[in-house]
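Participant: Sharing a structure here in structure tokens format.
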Amino acid sequence: MKRTSLLVCYSSSEEDEKEKPALSFPLTKPPTKRRKLPPLAETIAALPPVDNPALHQGRTRNVPHVEGQYAAHVYVSITLRESSPLYQLVKDVFHDAKKQVPSLQEISKLDTGRYELHISLSRPIFLRAHQREELRQAVRNVTREQAPFTLSFASFSELVNDEKTRTFLAIEIGAGHNELKTLSDALAPTLQAIRQKGYYEKPRFHASIAWALLTPSSNNGRDSLPRSESELSSETSEFPTIDRLPETLMSTLDEKYRPSLTSSRIGAFEVAEITVKIGKDVSTFRLKV
Amino acid sequence: MPSVAQKAYSYDDLSSYFPLTYPIPHPKTHPDLITVKDLNREEDLLRNPSSFRAWWSAIQSTRDSFTAATQMKALLGPLASPLARRYLQRITYLYESALQNFPSSFKLWKSYLQFRMSCVLGKPVIKKRAGGRKKFGPMKDALEEEQDDLEEWDECLDPVIGWEEWKSLIATFERCLMWLPNLPRIWLLYISIFSHPQCPALISHTHTRRTFDRALRTLPPSLHSRIWVRYLLWAESKGGETLVAVYRRYLAIDPTLSERYTALILSKSLGKPRPLEAAKVLLSLARKAARGEYTSPEGKSPLQLLNDFVDVVENYAEDVGMDVEATDESNAAIAKKDAENEGALDAGEPASMDGQLIPHGRERKLNIENIIKKDGLDMYKDQAGRLWVGLATYWIKRGDFDRGRETFEKAIQSVVTQRDFNQIFEAYSQTEDAVINEIMEALEDEEDDDDKAELEEEMDSRMQAFEQLTDRTAFPPERSIETYSSEERPTPNFHRLFINFAKFYEEGGASGQAEPDLDSARKILEKATKVNFKQVEDLAEVWCEWAEMELRHENYDEAIRVMQRATAVPKNTKINYHDHALSAQARLFKSIKLWSFYVDLEESIGTVESTKTVYDKILDLRIANAQIIVNYASFLEENKYFEESFKVYERGVELFTFPVSFEIWNIYLSKFVKRYGGTKVERARDLFEQALEKCPAKSCKPIFLMYAKLEEDYGLAKRAMAIYDRATQVVTDADKFEMFTIYIAKATANFGLPATRPIYERAIEALPDKQTAEMCLRFAALERKLGEIDRARAIYAHASQFCDPRVNQKFWAEWNTFEIETGSEDTFREMLRIRRSVQAQFNTEASYLAAQTIAASEGNKRALSEGPEDTDPMAAAEKQANGGVKGPAFVAAKKTALSKPAEEAGAQPAAKVANSEEIQIEDDEF
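Shown next, in the form of structure tokens:
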């Protein structure tokens, strides 16, 4: 029997082409590179809203948006008036730092003429609609157990987010650390019950005042990120990135501002309530009177 | 004459006929041994007494003439004997005369007709039927049942010789129906004649059909099904046109037999097969089933029916379908019509086609291509393989190889699943292979060169095509996704579709060669959770599968999160789980399947606290079943939360009533006793009292036993006795005997034998008669052990009233031995006297029957050992010789001409008498 080489053309001829070389040069191409399944039809999964990092100063979402899921966050909020000395101090620190690291961005919480510093008590929490009330209730219970306390700032430091995409310039908490720890520990069982991550084992409570993008190459240790490298670099290339904040920055800032930061006139606050933000909903709970 | 019939034959009368052959009959003693015709033979034998051949032929010829006489019996059946014929006339005369006076007496007519039938059709064979007759169910079952129940008869009157008698029987029935036209019993009796296998042809065809029709016309519709059953069976036995005509009429009122009908008209044993009609019927059934208007009694799905249709089409391609030209023409016509109707009548179109195609009598053949496309391929996209193969085979069977090949090609282009592709591919390559083989064979045989060249050319092209075909064994996988994605039809297993589709992505394609895509799988399941499934269970399964998937990928937190989403409880928990007006999503939180899965998940990967929370939620929703309660409690127990686990049991017994709560109580109480033993006796008592308070009599025995055990182990023996006492009063009669036995045993162990006396007394009062006797035996044994002979005797006397000597032989045997061992002559005689009086008391029909059954089971062996003694003819002969009662035997021998039935009738009572005597003798021998 003679064989004819006439092949019937399938609509999926590209795949044949892809697989052919893989068969002929099995050594050059790793077998792990497997063909992807075709994407789902839109009737099944409506496309998620496309995030454009350009609109957010080059930030990218660490957790993709999911329909029906609410991002929540528990924190202590400190409101600064423009006239307050800490506000001035924060402004000065930012300007000084910006001189050394031009790509630094201010954390703008100045929406209504008020400047807010947030001291997180939780990581981002992702809730389903029915769990929102549960979380509020948990926070309410926690606040009932804790009396108001005084909080003070201690030093400047650099903190990097879990995904190593951004670095933050933060002021760490001095007095009040124990109370904050009590609060965040008290939240842990609830978070555990809804299978969300608790706060860090050894928490460094802080208020962030500025951030900068990190260069992707600096996350060598973790390449399990969902995005491929090329994708990330192409999207954020227009935004300057840094490897890390210069080491000198902290020392200079400490040297220059620490005395005034730690003075009781500037860096001490009474904490009387805790804020829970679920989606765009913000609710506050007063500590036990 | 009646006096003759009434005369009972005594045992002596009948037995005096025998023995016939002892002393050996001789012409001297029996003058009728030799007739005049035999004289020649006898003379021959006298002349040549030493010729063996002469003796042998004499014996054979006499035996032959005897066989000839019995053959007459085969022809004349029940009327073989002159006596039977005479009596038939006599009885007929009497019945007819009586009917002159009572022409509309059902009783008289029925008995008359049955008698006449038995004389012509033979004796009906009575079949044993298990259980009572079922109500008439669906016709399909009724037919099968009736088929088994058809009457059978012994030898009948030969339909040719006895034709006039058969006719007369029919005439009698007709006369009866004139008087009693609307009694179904008469009609059924009449009709049963027609199912006689020997029924004369003159009756069993047209006359039968008309009779059935008359019956249907005369009887009210509610009785029609009983006639139809016979009518259809009869039609089936006749086959051919009759079958078709009768079945068509029946199907007009009840289409459930359509499938049976198609099988019948296709079977070759019943006349010429009618494939066209069968195909049309099957097609209409498939269409109706697809629309939900027909449910197959065989449980076939619409697709299965359509596949049956395709089977018929394949097997009878020429008879059923149009040829290529006609098909093309018809396709064009349909396309034109479709174009005209576009938009206006989309949905209604198949129905109107239905009406056009289905009429039975039409000989118009079917446009198979169009039908398979419209009814099959368009509707069952993912199961199209069989249909495509059927269509292609149809063309090939018709000899249109090109069209067949074209069909295969089209099929390969359009199927959407791997399975269908494989199926079609296999059929296609087999066909091609067969064609090539045929050409090769033809090539070998071909002589002519021109033809040979032509064939070779064809062969080459075929080979080429075949090789092309074998090159593309792979199925393009994208197609399967298209199928899934475009799937919107809510089928019963719709949820499985989503689950499998998600699995497809999870595993990276059907064969796992592509990159797994968990995100897409999640999206698919997410979409699935929003579908309003018919069953809440389906939705629950989707969620469970989702959680399972996360577990498979070790995303334990995610699995829990998924289940938390699934089990989110809405504010209003008063939703009824079975309210189908609500969406499946709204009712999901009450699905126990979902919660069970969730709670299992929490138990295995969660904490004790989280598991408890979930269990509590289930209890709060009031959807827990007994299993959940037991699981929860044992979960808590495993984690050392003993008190809480008991609380769960408490909740459980509150939630459920008996009998469900019985199981919970049972576990609860045993766990409680095991845990606390004697430390919390008061509380345990309280629990037992609670349990017993509501417990119905039939299930409280185990609880009582456990309670008494508790008291025995940790409490007071006296209390335990009180509990047993209570138990004997409360439990059902069935359990009472056992309860008393235990009570007595415990009382003996704790307080000694004398303490059991009052218990025995109460037991004898409380127990039903049969068990009283048993209890009395034990009581008497006890008294005897204690030396109270008189008391024991009194107890025997008391118990004797419940013990039929024939049934309860054990009791009497025991009393007997008791008296032998301990009694005097007087007491023994007293016992015998009591026994006689008791026996007299039990001399009723019911107790006689009971005795019979006992005798049947026990006395069989005895009868066997004694039987041969009585029936041994030699022994009997000796007996006669000794006893000197020769006379009757020889006198009786002359009466052998007595008719057989009479003999039998006489013999049976005689045998019975002997039987009952046998038992009597045994009793006396005690």
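Protein chains in written order, with my numbering: chain A, 317 to 605; chain B, 21 to 946. Virtual Cβ for every residue (Gly too), placed ideally from N, Cα, C.
Please tell me whether Met479/B and Leu463/B are closer than 8 angstroms, where the distance is taken between their beta carbons.
Facilitator: Numbered from 1 along the second sequence, position 459 holds the residue referred to as residue 479/B. Numbered from 1 along the second sequence, position 443 holds the residue referred to as residue 463/B. Going by C-beta atoms, Met479/B is nearer than 8 angstroms to Leu463/B.
Participant: Chain B beta carbons: is any one of them nearer than 8 angstroms to that of Ala509/A?
Facilitator: Numbered from 1 along the first sequence, position 193 holds the residue referred to as residue 509/A. Closer than 8 angstroms to some Cβ of chain B, the Cβ of Ala509/A qualifies, so yes.
Participant: Any idea if Met92/B is buried or exposed, counting beta-carbon neighbours within 10 angstroms, 16 or more meaning buried?
Facilitator: Here residue 92/B refers to the residue found at position 72 of the second sequence. So Met92/B ends up on the exposed side.
Participant: So Arg444/A contacts chain B; which residues on that side make the cut at Cβ distance below 9 angstroms?
Facilitator: Translated into positions along the first sequence, residue 444/A becomes position 128. Chain B residues near Arg444/A: Arg581, Gln584, Arg585 and Ala588.
Participant: In this structure, does DSSP put Gly341/B in helix, strand or coil?
Facilitator: The residue given as residue 341/B occupies position 321 in the second sequence. Reduced to three states, the DSSP call for Gly341/B is strand.
Participant: Within 8 angstroms (strictly less), CB to CB, does Asp577/B reach chain A?
Facilitator: By 1-based counting over the second sequence, the position of residue 577/B is 557. Any Cβ of chain A closer than 8 angstroms to the Cβ of Asp577/B would place that residue at the interface, and such an atom is present.
Participant: Pull out every residue of the segment 628-658 of chain B whose Cβ sits closer than 9 angstroms to any Cβ of chain A, in chain order.
Facilitator: Glu629, Ser630 and Thr633
Participant: Grab me the residues of Leu141/B's own chain with a C-beta within less than 6 angstroms of its C-beta, minus the 5 sequence neighbours each way, in chain order.
Facilitator: For this step, residue 141/B is matched to residue 121 along the second sequence. Here the set comprises Trp173, Cys176 and His216.
Participant: Measuring only the C-alpha atoms, how far is Thr9/B from Glu279/B?
Facilitator: Since the first residue shown for chain B is 21 and the last is 946, residue 9/B is missing from the structure and cannot be characterised.
Participant: State yes or no: is the C-beta of Val249/B within less than 8 angstroms of the C-beta of Ala162/B?
Facilitator: Here residue 249/B corresponds to residue number 229 of the second sequence, with the count starting at 1. Here residue 162/B corresponds to residue number 142 of the second sequence, with the count starting at 1. Cβ distance < 8 angstroms, so Val249/B and Ala162/B count as in contact.
Participant: For the alpha helix (DSSP H) that contains His493/A, what are its first and last residues?
Facilitator: By 1-based counting over the first sequence, the position of residue 493/A is 177. Looking at the DSSP string, the run of the alpha helix (DSSP H) that includes His493/A is His493 to Ala509.
Participant: Please classify Lys127/B: is it buried, with 16 or more other beta-carbons within 10 angstroms of its beta-carbon, or exposed?
Facilitator: Within the second sequence, the letter at position 107 stands for residue 127/B. It counts as exposed.
Participant: Using 8 angstroms as the cut-off, can you tell me whether the segment 29-47 of chain B makes contact with the segment 463-476 of chain A, which would need three or more C-beta pairs spanning the two stretches below that distance?
Facilitator: Contact between the segment 29-47 of chain B and the segment 463-476 of chain A is absent: fewer than three C-beta pairs spanning the two stretches fall below 8 angstroms.
Participant: Assuming Leu621/B contacts Met583/B under a Cβ cut-off of 8 angstroms, what Cβ separation, rounded to an integer in Å, is found between them?
Facilitator: Working through the second sequence from its first residue, we reach residue 621/B at position 601. Working through the second sequence from its first residue, we reach residue 583/B at position 563. The Cβ separation is near 6 angstroms, so the contact holds.
Participant: Determine the burial state of Ser630/B: buried for a count of at least 16 other Cβ atoms within 10 Å of its Cβ, exposed for fewer.
Facilitator: Along the second sequence, read from residue 1 onward, the residue named residue 630/B stands at position 610. Label assigned to Ser630/B: buried.
Participant: Is it buried or exposed, Met741/B, if we count other Cβ atoms within 10 angstroms and call 16 or more buried?
Facilitator: Here residue 741/B refers to the residue found at position 721 of the second sequence. By the neighbour-count rule (16 or more Cβ atoms within 10 Å), Met741/B is buried.
Participant: So, Ser599/A versus Arg452/A, is the Cβ gap smaller than 8 angstroms?
Facilitator: Within the first sequence, numbered from 1, the residue matching residue 599/A stands at position 283. Within the first sequence, numbered from 1, the residue matching residue 452/A stands at position 136. The answer is yes: Cβ separation under 8 angstroms.
Participant: Work out the CA separation of Tyr281/B and Asp398/B for me, nearest whole Å.
Facilitator: The residue you call residue 398/B lines up with position 378 of the second sequence. The residue you call residue 281/B lines up with position 261 of the second sequence. Distance between the alpha carbons of Asp398/B and Tyr281/B: 28 angstroms.
Participant: Does DSSP put His227/B in a helix, a strand or coil?
Facilitator: Looking up residue 227/B in the second sequence gives position 207. For His227/B, the secondary structure class from DSSP, reduced to helix, strand or coil, is helix.
Participant: Which whole-angstrom value describes the C-beta separation of Ala388/A and Leu443/A, a residue pair presumed to lie in contact below a C-beta threshold of 8 angstroms?
Facilitator: The count along the first sequence starts at 1 and reaches residue 388/A at position 72. The count along the first sequence starts at 1 and reaches residue 443/A at position 127. Correct: roughly 5 angstroms between the Cβ atoms.
Participant: Here's the rule I'm using: 16 or more other beta-carbon atoms within 10 Å means buried, otherwise exposed. How should Ser1030/B be labelled?
Facilitator: The displayed coordinates of chain B run from 21 to 946. Any statement about residue 1030/B would go beyond what the structure contains.
Participant: Could you compute how far the alpha carbon of Ile510/A sits from the alpha carbon of Asp395/B?
Facilitator: Stepping through the first sequence from its first residue, residue 510/A is reached at position 194. Stepping through the second sequence from its first residue, residue 395/B is reached at position 375. Rounded to whole angstroms, Ile510/A to Asp395/B spans 51 angstroms at the Cα level.
Participant: Using the Cα positions of Ile146/B and Leu302/B, report the straight-line distance between them to the nearest angstrom.
Facilitator: Within the second sequence, numbered from 1, the residue matching residue 146/B stands at position 126. Within the second sequence, numbered from 1, the residue matching residue 302/B stands at position 282. Looking at the two C-alpha atoms, the distance is approximately 40 angstroms.
Participant: Comparing alpha-carbon positions, which option in Ile190/B, Pro43/B, Leu253/B and Asp422/B lies nearest Asp168/B?
Facilitator: In the second sequence, residue 168/B corresponds to position 148, counting from 1. For the residues Ile190/B, Pro43/B, Leu253/B and Asp422/B, the minimum Cα distance to Asp168/B belongs to Leu253/B.
Participant: Tell me, please, which residues DSSP counts as bridged to Val392/A.
Facilitator: On the first sequence, position 76 is the one that residue 392/A refers to. Partner(s): Ile435/A.
Participant: Measure from the C-beta of Pro370/B to each C-beta in chain A and report whether the shortest distance is under 8 angstroms.
Facilitator: Position 350 of the second sequence, counting from 1, holds the residue named residue 370/B. Per-residue confidence for Pro370/B stands at a pLDDT of 41, beneath the threshold of 50, marking its modelled position as unreliable; no derived number is given.
Participant: Which term fits Leu339/A, buried or exposed, when burial requires 16 or more other beta carbons within 10 angstroms of its beta carbon?
Facilitator: Locating residue 339/A in the first sequence gives position 23, counting from the first residue. With a pLDDT of 37 at Leu339/A, under the threshold of 50, the modelled position of this residue cannot be trusted, and the question is left open.
Participant: So what's Ser473/A in DSSP terms, helix, strand or just coil?
Facilitator: Along the first sequence, read from residue 1 onward, the residue named residue 473/A stands at position 157. Ser473/A falls in the strand class under three-state DSSP.
Participant: Could you give the C-beta distance for Leu296/B and Val340/B, rounded to a whole number, given that I count them as a contact under 8 angstroms?
Facilitator: Here the question's residue 296/B lines up with position 276 in the second sequence. Here the question's residue 340/B lines up with position 320 in the second sequence. With a Cβ gap of about 5 angstroms, Leu296/B and Val340/B count as contacting.
Participant: Pull up the distance between the alpha-carbon of Tyr516/A and that of Glu383/A, whole angstroms please.
Facilitator: Looking up residue 516/A in the first sequence gives position 200. Looking up residue 383/A in the first sequence gives position 67. Rounded to the nearest angstrom, the two C-alpha atoms are 27 angstroms apart.
Participant: Apart from the five residues on each side of it in sequence, which residues of its chain come closer than 7 angstroms, Cβ to Cβ, to Leu323/B?
Facilitator: In the second sequence, the residue the question calls residue 323/B occupies position 303. Closer than 7 angstroms at the Cβ level, and outside the excluded window around Leu323/B, lie Tyr400 and Gln403.
Participant: How many Å lie between Arg560/A and Cys564/B at the Cα?
Facilitator: On the first sequence, residue 560/A is found 244 positions in, with the first residue counted as 1. On the second sequence, residue 564/B is found 544 positions in, with the first residue counted as 1. The straight-line gap from Cα to Cα measures roughly 45 angstroms.
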